[in-house]
Amino acid sequence: MTKYIGAHVSASGGVGNAILNAEAIGANAFALFTRNQRSWVSKPLPQLEIDGFKALLIDRGFKPEMVLPHDSYLINLGSPDEETLQKSRAAFLDEMQRAQQLGLTMLNFHPGSHLNKVSEEECLDQIAREVNLALSKTEGVTAVIENTQQDRRRDGRDREHRRTGHQPRLEV
Ligand SMILES: [Zn+2]
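Printed below as a string of structure tokens:
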């Protein structure tokens, strides 16, 4: 059985560069951001960049199902704040659509945080609703939950992410 191993690589300068960066470290799988992970709004991926990504991926021998985009750190589908929730909903759908456009099969996301303002159960119900909504508007992309073991409050968790040089994992 082939084992797949990789890292979260930079897509700076275009998503195709992630392929080259993964290749350079000898990876046969990789994670990437398909948009600015610290911004709510991103320009759509140009068709040329999408086509280039797909062609290069095949050319360099990567399987689309071994590429795992990671969503923006700002997105919180469990947010008790209506404005943040609306922004998160739009950004999450955009992330899922980008994955689909690139011919990828998964999107790695952080489930979100209730920020201690609503119950965990309400928060989880909301996240499930939001994920289902995005799934109903896209095709062929699975939303992959990234578990975290840190403090449930987002602030703490993000600090932990930075401190540990957090990188999404690919599990096959
Ligand atoms: Zn993550």
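Heads up: the sequence shown begins at 476 in the working numbering, then just goes up one per residue. Ideal placement from N, C-alpha and C gives every residue a C-beta, glycine not left out.
- Sequence-distant Cβ neighbours of Gly536 in its own chain, meaning closer than 8 Å and more than five residues away, are Asn503.
- Distances taken from the Cβ of Asn551 to the heavy atoms of ligand 1 include none shorter than 8 Å.
- Between the region 576-583 and the region 591-602 there are fewer than three inter-stretch CB-CB distances shorter than 8 Å, so the stretches are not counted as touching.
- Close CB contacts of Glu595 within its chain, under the 7 Å cut and outside five residues either way in sequence, are with His589 (chain order).
- Put simply, of Leu495, Glu614 and Gly501 the residue whose alpha carbon is nearest the alpha carbon of Gly481 is Gly501.
- Rounded to whole angstroms, the separation of the alpha carbons of Ile620 and Ser563 is 15 Å.
- The Cβ neighbour count for Asn496, taken over all protein chains shown within 10 Å, is at least 16; the residue is labelled buried.
- CA-to-CA, the gap between Thr477 and Asp534 works out to about 19 Å.
- Between the alpha carbons of Leu599 and Leu552 lies a gap of roughly 9 Å.
- Between Ser554 and Gly587, the beta carbon gap of about 6 Å places them in contact (Cβ cut-off 8 Å).
- Taking 9 Å as the cut-off, the Cβ atoms of Ala618 and Leu582 count as close.
- Take Val484, set aside five residues on each side of it, and the residues of its chain with a beta-carbon closer than 8 Å to its own are Ala493, Asn496, Ala497, Ile500, Ala502, Phe505, Ala506 and Leu507, in chain order.
- In the structure shown, Ile620 falls within a strand segment according to DSSP collapsed to helix, strand and coil.
- Gly491 counts as buried, since at least 16 other C-beta atoms from the protein chains shown sit within 10 angstroms of its C-beta.
- Residue pairing by DSSP places Phe584 opposite Ile620 in a beta bridge.
- In the structure shown, Phe537 adopts coil according to DSSP, grouped into three states.
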